[in-house]
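In order, the protein sequence lines correspond to chains C and L. Count the first sequence with this note's numbering and you get residues 7 to 328, in order. Count the second sequence with this note's numbering and you get residues 4 to 301, in order. Built from N, CA and C at the ideal position, the CB exists for glycine as well.
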Amino acid sequence: MSTPSITRTARVPRARRSGAPAESGRQRGAWARRAPLLPALIFMIVVTQLPFVGTLVISFMRWNALDPDDVGFGGLTNYTNAFRDPALRSAILTTVELTVTVVLVSLVLGLGLALLLDRRFLGRGIVRTMLITPFLIVPVASALLWKDAIYNASFGLVDGLLSWVWKLFGSTHPPQPDLLTSFPLASVEASLVWQWTPFMMLILLAGLQSRPTDVVEAARVDGAGTWQVFRYLTFPHLRRYLELAALLGSIYVVQNFDAVFTLTSGGLGTANLPYAVYQTFYAGHDYGEASAEGVIVVVLSLAIATFALRTVSSLFREESLS
Amino acid sequence: MTAATVPPSARATVHASRPGRHSRAARRNGRLLSLLAWACGTLFLLPFAWMVLTSLHSEPAAATNPPSFTAPLTLQGYREFFGAGTGVSPWPPLINSLTASVGSTLLVLVLAIPAAYALSIRPVRKWTDVMFFFLSTKMLPAVAALLPLYLIAQHAGLLDNIWLLVVLYTSMNLPIAVWMMRSFLSEVPKEILEAASIDGAGLLTTLVRIVAPVAAPGIAATALISFIFSWNELLFAQVLTGVVAGTAPVFLTGFVTSEGLFLAKLCAAAVCVSLPVLAAGFAAQDKLVQGLSLGAVK
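Structure below.
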């Protein structure tokens, strides 16, 4: 089957090279190549790029839905107002703290779990399934679970277990912290770490399993210990996977809305940028300022995205080499 | 390389002696690590297990402190979630979620498969630029496009319309789908495609008869991931839908202010709404990684 096909395709270009029809044929070929791409490309430009241009335009306008008669060009007022607003400045800080904490902690935990699961043992498949469950639960459902079934100060699991343990030792006065009120941001972060650690683990596990085993074996034969193998072979190999996991995680966590909205409704200093934009738009009806805040979110995300694209393009280079 | 410098006989002895020398310590370490893995798995599953257990308790048993692990099990929470007694049925939001997720997943596949074909099997020039354009749309936060979309929908009378979500979820998942599909289609053997083109097959025939069957597992994985992300989405649904087109996550937010008064019912609701995604995710565990890492990591 393959041999005749090779000879026949080889003959086609030679026949085409002879005259003018070849030119138009090649052009038609180029369009035939592009055509399947166009619907997806046009769809994406219309649905994502045009609205963003709209946001950009509105961000320079005076436009509050509660005051529909006063709509017009506002210059940079929305931006200066946004930056003068202490709530937005705190939202920026919250976003940074939330993202950095959640990504770093879940990355470290994910690495540990990936290393644990990168060995054969009884029930490895079951343990992996147990570990990815948090990532699959609908985010609102998991936020509600943490808010009402775990953190709740009257009958949540945390305080319930404290009572239970204290009772075992005969005490009737167990500590009953109200975690969501006392440590709001840490509580949100803990629930997000629970949700994102499996994601980090999955990517790092894929990285570990793509590690060439013969090199590791050779190193072992040469007398390398477990730590040395990890430090000089596994870790360098994993570096790109660690970067990829961190960057993809950051992209998703920066945009997090569900947990903040559900757990604290942005209260107690947990409002991040997406929640702040939502509130300016949904509760404040200030379209101009909400758009300005949206643009600020984009600028911050672009900083992350630049690094992300660089990482991914290094993966591409590796793929085209191999 | 280094291993090759060791004479074969020496390597054999090293290999043979290793289990003997280290066996007891290694086996004990191995058993400890396995135990640790099981403990971590249990710890991560615990909140979910607690949610399931609570959903099976009666309301008074669910709201006790210290918690009751042995209270009799009941399906009361599930009955109440499905509207018994309260009159609020979860079926419209569940059906809306299903419509939005399945509808957008189909649209994603219709758009992504030809695009991935153009980017992998017969790559257009500058295909990497196109790939990066798709990826960059994923890095634009959704809130940045929310307001114009809201205003357009308002003027077009599309607010609270589930088909608006179908379009938006398609744009949300299309970049990931293109990336995934490209990596799956790259694995279609070139010989088959050449044979098809010699037999005079057009684009559509090639896609439907040749590419689709070979890439079927990849297409299924892409579909599952697109389904999961659409089913889980909250922000667009919260802002752009309301009474008629509210999805299951929006329905769940109705529990936010109830302050755990109906803990068993709430947990039953959370389990029910998560069930389709859990099933899809468990079915496609391996492919999940490839999709989430945008097809870049194999």
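Should Ala282 of chain L be flagged as near chain C, meaning a C-beta pair shorter than 7 Å?
Indexing the second sequence from 1 puts residue 282 of chain L at position 279. No, because no Cβ of chain C sits closer than 7 Å to the Cβ of Ala282 of chain L.
Segment contact, 8 Å Cβ cut-off, at least three pairs: the segment 106-126 of chain C with the segment 198-214 of chain C
yes
What residue range is occupied by the uninterrupted alpha helix (DSSP H) comprising Val191 of chain L?
Position 188 of the second sequence, counted from the start, is the residue given in the question as residue 191 of chain L. First-last for Val191 of chain L: undefined, no H or E at that position.
When you compare only the Cα positions, how much space is there between Ser188 of chain C and Asp132 of chain L?
In the first sequence, the residue the question calls residue 188 of chain C occupies position 182. In the second sequence, the residue the question calls residue 132 of chain L occupies position 129. If I take the Cα positions, the gap works out to 48 Å.
Which value, in whole angstroms, describes the spacing of the CA atoms of Arg82 of chain L and Pro63 of chain L?
For the purposes of this step, residue 82 of chain L is taken as the residue at position 79 of the second sequence. For the purposes of this step, residue 63 of chain L is taken as the residue at position 60 of the second sequence. Near 16 Å, if we compare the C-alpha coordinates of Pro63 of chain L and Arg82 of chain L.
Under 7 Å Cβ-Cβ, which residues of chain L neighbour Gly166 of chain C?
Start at 1 with the first residue of the first sequence, and residue 166 of chain C comes out as number 160. What Gly166 of chain C touches in chain L: Asn68, Pro69, Pro70.
With a cut-off of 8 Å, do at least 3 Cβ pairs link the segment 268-286 of chain C to the segment 65-75 of chain C?
no
Around the C-beta of Asp154 of chain C, are 16 or more other C-beta atoms found within 10 angstroms, so that it is buried, or is it exposed?
Here residue 154 of chain C corresponds to residue number 148 of the first sequence, with the count starting at 1. When all chains shown are included, Asp154 of chain C counts as buried.
Would Arg90 of chain C pass as an interface residue toward chain L - the criterion being a Cβ-Cβ separation below 7 Å?
The residue you call residue 90 of chain C lines up with position 84 of the first sequence. Cβ-Cβ to chain L under 7 Å: no for Arg90 of chain C.
State yes or no: is the beta carbon of Asn235 of chain L nearer than 7 Å to at least one beta carbon in chain C?
Here residue 235 of chain L is taken as the residue at index 232 of the second sequence, counted from 1. It does; some Cβ of chain C falls within 7 Å.
Between the alpha carbons of Val242 of chain L and Ser169 of chain C, how many angstroms are there, rounded?
For this step, residue 242 of chain L is matched to residue 239 along the second sequence. For this step, residue 169 of chain C is matched to residue 163 along the first sequence. Spanning the two alpha carbons is a distance of roughly 41 Å.
Contact list for Leu82 of chain C against chain L, beta-carbon separation under 8 Å
Working through the first sequence from its first residue, we reach residue 82 of chain C at position 76. Correct list: empty, because the minimum Cβ distance to chain L is about 18 Å.
Look up Arg185 of chain L in the DSSP assignment and say whether it is helix, strand or coil.
On the second sequence, position 182 is the one that residue 185 of chain L refers to. In the structure shown, Arg185 of chain L sits in a helix (DSSP, three-state: H, G or I).
Should Phe258 of chain L be flagged as near chain C, meaning a C-beta pair shorter than 7 Å?
For this step, residue 258 of chain L is matched to residue 255 along the second sequence. By this cut-off, Phe258 of chain L is an interface position.
Alpha carbon to alpha carbon, how far is Trp234 of chain L from Val169 of chain L?
Within the second sequence, numbered from 1, the residue matching residue 234 of chain L stands at position 231. Within the second sequence, numbered from 1, the residue matching residue 169 of chain L stands at position 166. Between Trp234 of chain L and Val169 of chain L, the C-alpha separation is close to 11 Å.
What is the C-beta distance between Thr61 of chain C and Ala156 of chain L, in whole angstroms, given that I count them as a contact (C-beta under 8 Å)?
Position 55 of the first sequence, counted from the first residue, corresponds to residue 61 of chain C. Position 153 of the second sequence, counted from the first residue, corresponds to residue 156 of chain L. The Cβ separation is near 14 Å, so there is no contact.
Can you check whether the C-beta of Met67 of chain C is within less than 7 Å of a C-beta belonging to chain L?
Here residue 67 of chain C is taken as the residue at index 61 of the first sequence, counted from 1. Output row for Met67 of chain C: interface = no.
Given that a residue counts as buried once 16 or more other Cβ atoms are within 10 Å of its Cβ, and exposed if not, what is Ser297 of chain C?
Start at 1 with the first residue of the first sequence, and residue 297 of chain C comes out as number 291. Buried, because 16 or more other Cβ atoms sit within 10 Å of the Cβ of Ser297 of chain C.
Taking CB distances under 7 Å as the criterion, tell me whether Trp170 of chain C reaches chain L.
The count along the first sequence starts at 1 and reaches residue 170 of chain C at position 164. Yes, contact with chain L.
Opposite Gly78 of chain C in the DSSP bridges: which residues?
Sequence index remark: in the first sequence, residue 78 of chain C carries index 72 (1-based). Answer is C:Arg68.
For Phe137 of chain L, which residues in chain C fall below 7 Å Cβ to Cβ?
Your numbering for residue 137 of chain L matches position 134 in the second sequence. Per Cβ cutoff of 7 Å: Met50.
Could you name the residues of chain L that Ala311 of chain C contacts, counting a contact when the two beta carbons are closer than 8 Å?
In the first sequence, residue 311 of chain C corresponds to position 305, counting from 1. Residues of chain L passing the Cβ test: Ser139, Met142.
Nearer than 6 Å: is that true of the beta carbon of Ala115 of chain L relative to any heavy atom of the ligand SAM?
This structure simply doesn't include the ligand SAM, nor any ligand for that matter.
Do the segment 51-59 of chain L and the segment 138-158 of chain C touch if we need at least three Cβ pairs shorter than 8 Å?
yes
Could you pull out every unbroken alpha helix (DSSP H) segment of at least 4 residues lying fully inside the segment 76-144 of chain C, listed in chain order?
83-90, 92-123, 130-142
Given this structure, state the Cα-to-Cα distance separating Leu43 of chain C from Ser107 of chain L, to the nearest angstrom.
For this step, residue 43 of chain C is matched to residue 37 along the first sequence. For this step, residue 107 of chain L is matched to residue 104 along the second sequence. Using only the alpha carbons, I get a separation of about 18 Å.
Whose C-alpha, out of L:Cys270, L:Leu39, L:Val280, is nearest the C-alpha of Leu59 of chain L?
Taking the first residue of the second sequence as position 1, residue 59 of chain L is located at position 56. Comparing Cα-Cα distances from Leu59 of chain L to each of L:Cys270, L:Leu39, L:Val280, the minimum goes to L:Cys270.
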